[in-house]
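Residue numbers (this note's numbering), protein chains in the order written: chain A, 46 to 258; chain B, 46 to 258. Beneath this line is the structure, given in structure tokens, with notes to follow.
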DNA sequence: CCTTTTGTGTTGCTATAGCAACCTTTTTTA
DNA sequence: TAAAAAAGGTTGCTATAGCAACACAAAAGG
């Protein structure tokens, strides 16, 4: 359970406080094999999930049935927090285990209403966490609004530059995921990246990018 | 102050509880004339704003300097909640008064740490409110990801249909805002809407739409 | 009431990006 | 280590949507 002390949800809490909360609030742990579905698109859930071990992805399906990866989860990732917060909404994504996963589910309503003093801090952490997610989402919306592939790429790379505080950085998306994130065809992305490299605006190798302007 | 009892932030609280919170938490009221800026894009703010009277809009500017309306606010609208929650982020939007506005600002940190018993309920309301905004944002992202103007329109109208529980409904966006929301040219939107009407898929007049399929 | 502004629809031109198909390189795994 | 699979790059064709420009109707404002 040591991993929980580093979880964003419990930031600022010590072991005893976390234990206190777990004693008060209903929770359960479950394991999943690779490929198994943890949350299905359309499910209504009432728990916050914490990935204790393993890797998972959030997918969704377009109206045409094409599959899109919308998020990648590593140990200590939190999911279902936004969903549980918006009572009555159903999950827009399917969460699927990639490797053997161990997931801790914490009942959301009980967490909200628990009167352990530390829950107050947890609520703040939830708010902070959701807000951060909201801003990432927002940034993506801004990028998706741009009309040309090039402007999308530039906007994305600028963003990453500002996050990494450097003209040179690695991104954690491969070309397919990057194309999905920008809302363009993978081939169109490759084409434009090559063009930009040829023009000397950027340089890149695999997922390592450098801005040259 | 009667209007606050109907505010989503104070849902489930009675007058005395709201008063209690306001007594504990620093807040202030300010008026704005039409056209005046309430929050500037890039500002870092530490308060939740509640529009007590008047109308305002949230705008943002594209890299090319084009102005886009991203939200419309009526009395009792809440703004700055997500922003205050994500400590260290700066406002992605400019909030501007359209008519004479009266705004109540409530200090966010104090609201979080206040120990009036009712604040706990307020935190839950904040979470619910942010979560809802997140889902709207999410829906928009889904729509922006679609490639053709027609599929965007259909996806948007389906969504509105499900919200209104009817094949016939009014939307609260004019063509310009609708085009912005869908991330397409206004002319392209008009063209496609006309085409769809001609094909008998939909009918519309102004902002009143009917799905015919 | 007349004028101005705003909202909406229409259309021709054209660049761009989607699509499909194929190739090359790298990584995985049997 | 050979074979298979995954990731990335390239390219031709073509429909589509962006852009610009204009027309018309409705609403707002003085």
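Ideal placement from N, C-alpha and C gives every residue a C-beta, glycine not left out.
- Going by C-alpha positions, residue 148 of chain A is about 34 Å away from residue 55 of chain B.
- Annotated three-state conformation of residue 97 of chain B is strand, per DSSP.
- Along the region 86-110 of chain A, going in chain order, the ones with a CB nearer than 9 Å to a CB of chain B are 105, 107, 108, 109.
- Contact note: residue 196 of chain A reaches chain B through 108, using a C-beta cutoff of 8 Å and chain order.
- C-alpha of residue 120 of chain A to C-alpha of residue 48 of chain A: approximately 9 Å in a straight line.
- In chain B, no part has a C-beta under 9 Å from the C-beta of residue 236 of chain A; the shortest such distance is about 16 Å.
- Residue 127 of chain A reaches chain B at 176, 179, counting residues in chain order whose Cβ is nearer than 7 Å.
- In the DSSP assignment, residue 142 of chain B falls within the unbroken beta strand (DSSP E) covering 139-142.
- Put simply, the region 170-177 of chain B touches the region 160-177 of chain A. At least three CB pairs are less than 8 Å apart.
- The three-state secondary structure of residue 221 of chain A, taken from DSSP, is helix.
- Judged by DSSP in its simplified three-state form, residue 118 of chain B adopts strand.
- The region 90-110 of chain B and the region 143-163 of chain B touch, with three or more beta-carbon pairs separated by less than 8 Å.
- For residue 130 of chain B, the closest Cβ of chain A is nearer than 8 Å.
- With respect to chain A, the C-beta atom of residue 139 of chain B has no partner C-beta closer than 8 Å.
- For the region 245-258 of chain A, the set of positions with a beta-carbon nearer than 7 Å to some beta-carbon of chain B is empty.
- Between the C-alpha atoms of residue 158 of chain B and residue 161 of chain A there is a straight-line separation of about 15 Å.
- The beta carbon of residue 64 of chain A sits no closer than 8 Å to any beta carbon of chain B.
- Annotation: the continuous alpha helix (DSSP H) that includes residue 201 of chain A extends over 194-209.
- A Cβ-Cβ distance of about 5 Å is found for the pair residue 237 of chain B and residue 195 of chain B, placing them in contact under the 8 Å criterion.
- Interface with chain B (8 Å Cβ-Cβ cutoff): residue 118 of chain A is excluded.
- By the rule that beta-carbons nearer than 8 Å mark a contact, residue 53 of chain B does not touch chain A.
- Taking a contact as a CB-CB distance under 8 Å, the pair residue 72 of chain A and residue 150 of chain A counts as one, their CB atoms being some 6 Å apart.
- If you check each beta-carbon in the region 205-222 of chain B against every beta-carbon of chain A, none falls closer than 7 Å.
- Annotated three-state conformation of residue 187 of chain A is helix, per DSSP.
- With a threshold of 8 Å between beta carbons, residue 241 of chain B makes no contact with chain A.
- Between residue 136 of chain A and residue 86 of chain A the beta-carbon gap is near 6 Å, inside 8 Å, which marks them as a contact.
- Residue 152 of chain B is bridged by DSSP to B/92.
- Using a Cβ distance threshold of 8 Å, residue 215 of chain B and residue 252 of chain B count as a contacting pair.
- The beta carbon of residue 228 of chain A sits closer than 6 Å to those of 189, all from its chain and outside the five residues before and after it, given in chain order.
- Contact residues of the region 154-168 of chain A toward chain B are 157, 158, 160, 164, 165, 168 (C-beta to C-beta distance below 9 Å).
- Residue 198 of chain B and residue 221 of chain B have their C-alpha atoms some 14 Å from each other.
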